[in-house]
Every structure is written in C-alpha cells, then in structure tokens.
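What follows is one structure encoded as structure tokens, with my remarks underneath.
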Amino acid sequence: EDQVTQSPEALRLQEGESSSLNCSYTVSGLRGLFWYRQDPGKGPEFLFTLYSAGEEKEKERLKATLTKKESFLHITAPKPEDSATYLCAAPLGGGSQGNLIFGKGTKLSVKP
Amino acid sequence: NAGVTQTPKFRILKIGQSMTLQCTQDMNHNYMYWYRQDPGMGLKLIYYSVGAGITDKGEVPNGYNVSRSTTEDFPLRLELAAPSQTSVYFCASSYSGLAGAPTDTQYFGPGTRLTVL
C-alpha cells in the first residue's frame with residue numbers, strides 16, 4: 006500500500022537551532038517527492054520537488070534531500086517566520102494522473 | 048494571475064442541506080483536484096479531473112459530486128450535508144504532461160472551511 010509518513014508530528018526549536026524533518030515513503034515507481042509549507046488558515050504552498058535519489062534543493066534556510074526510501078527537510082538557523090506545518094507528498098503508484106498522497110505533516114514552532 | 052481561487056471562505060450548513068464549493072484557476076492547468084483536510088490528518092483526495100468533461104473519484108468521494116465543463120472551473124457539490132463533512136476543503140491545479148512524465152507541481156487555493164451542524 007502506498008504510504009507517506011512524516012516525523013516528528015511536532016517540533017519546537019529555538020531560533021538558530023538547526024534540525025531536520027523526516028518523510029518516509031513506500032510508493033511504487035516514485036515520480037517525484039513534494040514538500041509544501043502550510044500556514045494556519047491557508048492552503049499549502051509549494052516548496053520543492055525532488056525526482057531522484059541523491060537530489061538536493063535549497064531555498065533560503067531550507068534544504069530538501071532524497072534517498073530511495075525517505076526525504077529530509079533540513080532547516081538551518083531557523084527564524085520564527087519559519088514556523089508552519091510542513092507537508093510532504095508523493096504521487097500514487099505511477100503518478101501519471103497527478104494524484105498525491107500526503108503525510109500528516111510536521112508542525113514546526115520556532116521561538117525567538 | 049490570481050492562481051487558484053475558492054469561494055466561499057467559510058460556510059455553516061444544517062444537516063441535509065446542499066451547497067456548491069466553487070474553484071477557479073487562471074493558469075490554464077489541465078488537472079484539477081479537490082481535497083479535504085481534517086485536524087491532525089493529511090489531505091485526502093475527493094475527486095480529480097484531467098481536463099474538461101473528464102472527472103474521476105479519489106480516495107474519499109462519497110457524499111460529493113463534481114463537474115468540469117471548462118478548463119478554469121471545477122465546482123464541488125455536497126448533497127445532503129452530514130456532520131462528517133465538516134472539514135476544510137482545498138482545490139488545487141497542475142499541468143501534467145504525458146502519462147509517464149514526472150508529475151507537475153500542484154498549486155492550492157486558500158480553502159473553504161465548512162461546518163455542518
């Protein structure tokens with residue numbers, strides 16, 4: 006069964022304290038691993054797409070990496086404005102129709 | 048571009064009432080999706096469409112209906128609303144190419160918060 010699992014469910018960091026969020030997946034024929042950011046009361050906002058193991062992408066304090074079984078979202082020296090829920094998603098088996106399966110998300114809180 | 052827009056932002060329904068959630072995108076995307084998001088749960092796909100006139104069920108379609116008469120619009124219809132349909136509903140769109148090609152990024156609307164009492 007296709008599945009996407011995120012950990013931890015919640016993460017509290019002090020400003021400047023670097024950490025990583027995990028997304029493990031069991032999806033046949035992976036065709037992309039997506040990271041989204043969701044602020045309270047808003048729709049998910051696209052961050053990254055990773056297509057192959059070993060690929061890395063960066064945006065400001067965020068860096069996403071992908072292996073054959075999991076993806077990490079590394080947050081370097083976070084700021085309070087990085088507080089949000091981070092979602093990862095993968096296309097269901099094959100991905101030709103774009104149907105995504107989402108993890109439950111990691112709620113990140115960064116305190117000043 | 049406005050991207051993906053949804054109306055209304057909030058709605059309270061009584062059990063048994065019906066309503067339509069509106070979704071419009073101005074990016075000329077061929078794929079459109081409806082998700083629901085419940086507290087502490089991941090987004091669940093309700094219905095999707097690969098183009099005008101073509102729709103298909105997602106993971107949780109019961110109690111909902113959709114239509115796609117134009118590329119831009121993808122309304123979601125709730126018939127006989129039930130408390131279990133209390134949720135936040137998100138519409139999304141993407142441009143996906145030929146079968147077998149990498150799936151393209153989905154862009155989400157701001158959501159509709161629905162309460163059924």
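Residue numbers (our numbering), protein chains in the order written: chain U, 6 to 117; chain Z, 48 to 164. Every residue, glycine too, gets a C-beta built ideally from N, C-alpha and C.
### Task
Quick one: residues in its chain with C-beta nearer than 7 Å to the C-beta of residue 27 of chain U, no 5 flanking neighbours on either side, listed in chain order?
11, 12, 75, 77, listed in sequence order.
### Message
Please identify the residue among U:37, U:91, U:115, U:104 whose C-alpha is closest to the C-alpha of residue 88 of chain Z.
### Response
Nearest option by C-alpha distance: U:91.
### Query
Of all the CB atoms in chain U, is at least one closer than 8 Å to the CB of residue 153 of chain Z?
It does; some Cβ of chain U falls within 8 Å.
### Given residue 53 of chain Z as reference, the closest of Z:75, Z:77, Z:78, Z:123 once Cα atoms are compared
Taking only the C-alpha atoms, the option nearest residue 53 of chain Z is Z:123.
### Task
Assign residue 156 of chain Z to one of three DSSP states: helix, strand, or coil.
Reduced to three states, the DSSP call for residue 156 of chain Z is coil.
### Query
Measuring CA to CA, which of U:32, U:39, U:83 is closest to residue 69 of chain U?
Comparing Cα positions, the closest option is U:39.
### Query
At which residues does the beta strand (DSSP E) containing residue 98 of chain Z begin and terminate?
Bounds of the beta strand (DSSP E) holding residue 98 of chain Z are 91-98.
### Message
Assess contact between the segment 130-143 of chain Z and the segment 75-91 of chain Z, defined as three or more Cβ pairs (one per stretch) separated by less than 8 Å. Is contact present?
### Response
Short answer: they touch.
#### Entry: Nearest to residue 95 of chain Z (by Cα), restricted to the options Z:164, Z:62, Z:141
Looking at the Cα atoms, Z:141 is the closest of the given residues.
### Query
Relative to the C-alpha of residue 113 of chain Z, which residue among Z:106, Z:121, Z:107 is closest?
If we check each option's Cα against that of residue 113 of chain Z, Z:121 comes out closest.
### For residue 120 of chain Z, three-class secondary structure by DSSP
It is a strand residue.
### Query
If the cut is a Cβ gap below 7 Å, which residues of chain U does residue 157 of chain Z touch?
Against chain U, the beta carbon of residue 157 of chain Z has neighbours under 7 Å at 47, 48, listed in chain order.
### Task
Could you give the DSSP three-state label for residue 86 of chain U: helix, strand or coil?
Assigned with DSSP and collapsed to three states, residue 86 of chain U falls in helix.
### Query
In chain order, what residues of the same chain lie with their CB nearer than 7 Å to the CB of residue 63 of chain Z, ignoring the 5 residues before and after it?
Counting only Cβ-Cβ distances below 7 Å, and skipping sequence neighbours, we find 127, 128.
### Message
Need the endpoints of the beta strand (DSSP E) that residue 38 of chain U sits in, please.
### Response
Per DSSP, residue 38 of chain U belongs to the beta strand (DSSP E) from 38-43.
### Task
Classify residue 114 of chain U as helix, strand or coil using the three-state DSSP reduction.
Residue 114 of chain U falls in the strand class under three-state DSSP.
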